[in-house]
Every structure is written in structure tokens, then in C-alpha cells.
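Position 86 (the sequence shown) corresponds to 259 in my numbering; numbering is contiguous.
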Amino acid sequence: MNDTDGEVLVTMKKTDKMMGYCGLLCADCSALLATQSGDLQTMQREAQKWRKLFKRDDMDVEYITCDGCKSRSGRLCGHCSLCEIRKCALNRQVEHCGFCSDFPCAALISLHTQLSEYCTMKDFFGYEYDPVEVLQTFHDRKKQ
174 MNDTDGEVLV TMKKTDKMMG YCGLLCADCS ALLATQSGDL QTMQREAQKW RKLFKRDDMD
234 VEYITCDGCK SRSGRLCGHC SLCEIRKCAL NRQVEHCGFC SDFPCAALIS LHTQLSEYCT
294 MKDFFGYEYD PVEVLQTFHD RKKQ
């Protein structure tokens with residue numbers, strides 16, 4: 174883990190940031206922030222950014238509208254509504270993958286590998302960190 178990952182962990186603890194099941198920091202996701210703003214123009218700009226970043230024309234305002242993957246009654250973005258990792262974590266009743274006995278699983282590694290083919294965490298969140306390493310820290314603490 175590098176220094177930035179440590180800073181992310183400290184920030185998460187201090188601010189109690191919402192982290193997705195897969196280790197992505199929902200609280201810093203631009204789609205979630207745009208959704209919370211309630212401003213249509215902001216959401217349209219964000220959808221345009223996602224279409225360009227992920228090279229998908231179907232990413233419109235409805236697709237990126239999200240209240241975070243841990244939301245049970247809120248809105249989920251297009252990916253989160255179908256995410257196998259989310260379904261698995263809900264089924265196993267774990268806070269996130271770092272608390273799963275099968276960590277790290279092929280599905281988690283595959284998700285982050287696919288995501289890295291499109292962008293870096295810096296492109297997506299504005300800072301660099303490794304979600305799997307962050308989850309590994311939680312997993313290691315659980316074993317102690």
C-alpha cells in the first residue's frame with residue numbers, strides 16, 4: 174500500500190465516507206454527487222463525462238443517477254443495479270468485500286481490472302488509490 178492509500182484510510186475513518194462493497198468510495202463518486210445536487214445540468218455534464226470515459230453512448234442522466242450501491246430504497250446507477258459484487262455482499266451480509274471470507278474473489282479482481290481498462294482512480298475520483306488494497310487492509314484487520 175502506498176502513502177495515498179493510507180491517507181484514504183485515514184480520511185475514511187475521520188469522515189466516515191461511504192465505501193461501496195467493491196472498495197470504490199461512493200461518497201466521492203461524481204455521479205452520486207451530481208445526483209445529490211439535484212441539478213439537471215450538472216447531471217447532464219456528468220453523464221457526458223461518463224459516456225466519454227467509458228466509451229458508452231447509453232450513459233444518460235437516468236443511467237448515472239445513483240444514491241450509492243448500499244442504498245436499499247434509493248436509486249442505483251446502471252452498473253450498480255446489476256452488479257454481481259453488490260448482490261453477493263448483500264447475500265453474505267457483509268459491509269464490503271474486505272470482510273468477506275472469500276476475499277479477494279475473481280469477481281472483485283475482474284471488476285477492478287475492467288475499470289482500469291477505462292480509467293485510473295485519479296481520472297474517476299480526482300486522486301489515486303487502489304480499492305483492493307484498501308479492502309485488503311480491512312480484511313487483514315478482521316483476521317487479527
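Ideal Cβ positions, reconstructed from N, Cα and C, are used throughout, including at glycine. This structure is a prediction, so every number in the text was calculated from the model and none was measured.
query, result
"Nearest-angstrom Cα separation, counted from G241 out to N175", "Because the pLDDT of N175 is 48, which lies under 50, any placement of that residue in the model is unreliable, and the question is left without a value."
"Through-space distance from S289 to S254, alpha-carbon basis", "20 Å"
"Check: Q287 C-beta below 7 Å from any heavy atom of the ligand MG", "This structure lacks the ligand MG, and indeed carries no ligand of any kind."
"Beta-carbon separation (whole angstroms), F311 vs G271, contact threshold 8 Å", "3 Å"
"Neighbourhood of G299 by C-beta distance below 8 Å, restricted to the same chain and skipping five residues each side", "D201"
"Nearest neighbour of Q217, chosen from Y236, C199, K228 and F227 [CA to CA]", "Y236"
"Cβ shell of A208 (< 8 Å), same chain only, five flanking positions each side left out", "First, the residue type needs correcting, since residue 208 is Thr and not Ala in the sequence shown. Answer for T208: M216, I237, T238, C239, D240 and R248, listed in chain order."
"Helix, strand or coil at S274 according to DSSP, with G and I counted as helix", "coil"
"Proximity of C199 and P304 at Cβ, strictly below 8 Å", "no"
"Cα-Cα separation between L320 and E268, rounded to whole angstroms", "With the chain covering 174 to 317 only, the question about residue 320 has no answer from this structure."
"L249 in three-state terms, based on DSSP", "coil"
"Inter-residue Cα distance where the pair is N264 and C256", "12 Å"
"Residue of Y291, E306 and G193 minimising C-alpha distance to S244", "G193"
"Residues near L284 by beta carbon distance below 7 Å, same chain, minus five either side", "C195 and I258"
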